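Engineer: Could you have a look at this structure, given as structure tokens, before my questions?
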Amino acid sequence: MAHPHTDASGFTLIELLVYIILVGMLSTLVIKAMLDYWSGAATLVNDNETFVQREDAGDTLRTYLNAGAALVNQNTVTDAHPAIGDPSDSTGTYWELIHAIPGSIAMPASSSYTPVFYFSAPSVDSSRSFIMNGLQPYYDDFMLYMNGSTKQLLMRKLINPNASSDRLKTTCPPAYATSSCLADTVVSDDVSSVETSYYSKSDISIDYTSSTDPITGQYNGPDFANAEVVSITLHLARRSVIGGGTATNNEVVVRVALRN
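Heads up: the sequence shown begins at 1 in the numbering used here, then just goes up one per residue.
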């Protein structure tokens, strides 16, 4: 009895290998296209977010500096939690003494802090009227500094305790923040470095190192008290969250004439 013919041929080994190679190549192309799309989207998100940060940082700095009376070397209002304490201060309530040295300030290492500059401004009430101490207003202090752990530029507000109706409140480090002492103001995230420079209103550069006594060699000025214009450049950097994505690097420049 004749048996019906059946085709038992299937894929040869070579055909199977070719099939696997083609599938692998197509899968690689699809995955690469998806990763390129995701990395491009991640870069766009980073660009948008750092753009918002630049705008917010610029607005925050201008808002407070426009009201600023003068840059100062050290706080006059004592602080229970200075981020960078003055080693010569036995009370532990004063920030590190700094000078008007222009230049670039790198973000410090994790768990470290670096001061940028300090300034004072008249104490004002909710109606924006000066709170007077006789013929002169009371003054609040503002400490601009960098936190290496969070890569943030922050602002500490030290409100004059005698200005009882001050519209602002003293701020604290996040670890000590309470409902009555809010956390320090975040000026910007993703900060990599800050550049500062100081000028007179006639655009002459103010530099702590610019003048010394020719006989004694001691510094004789000028310093923050002479600075009438401050320029600050924030450099922002954010790495892509997707491998192969482009890192985002931007900057914002703020130049403000002070009221002194």
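Backbone N, C-alpha and C define an ideal beta-carbon position, used for all residues, glycine too. What you are looking at is a predicted structure, and each value in this text was computed from that prediction instead of being measured.
(1) Answer yes if the segment 14-32 comes into contact with the segment 207-224, meaning at least three C-beta pairs across the two stretches below 8 Å, and no otherwise.
(2) Which residue wins for smallest C-alpha separation from L168, given the options D56, L29, I21 and A67?
(3) Check Y199 in the structure and name its three-state DSSP category.
(4) In the segment 112-170, which residue ranges form an unbroken beta strand (DSSP E) of at least 3 residues, counting only runs that do not cross its ends?
(5) Using three-state DSSP, classify A237 as helix, strand or coil.
(6) Are the Cβ atoms of T171 and A183 separated by less than 9 Å?
(7) Can you tell me which of T248, P173, T63 and Y19 puts its alpha carbon nearest to the alpha carbon of S111?
(8) With a CB to CB cut of under 8 Å and the five nearest residues on each side skipped, what residues in its chain are close to T78?
(9) Assuming M155 and T185 make a contact with CB atoms under 8 Å, what is their CB distance in whole Å?
(10) Just checking, does the segment 120-129 make contact with the segment 205-215 on the three C-beta pairs under 8 Å criterion?
(11) Around the C-beta of L61, are 16 or more other C-beta atoms found within 10 angstroms, so that it is buried, or is it exposed?
Structural biologist: A quick look at the data gives this:
(1) no
(2) A67
(3) strand
(4) 113-122, 139-147 and 152-158
(5) Correct three-state label for A237: strand.
(6) yes
(7) It is P173 whose Cα lies nearest to the Cα of S111.
(8) T91, T93, Y94 and L158
(9) 4 Å
(10) no
(11) It counts as buried.
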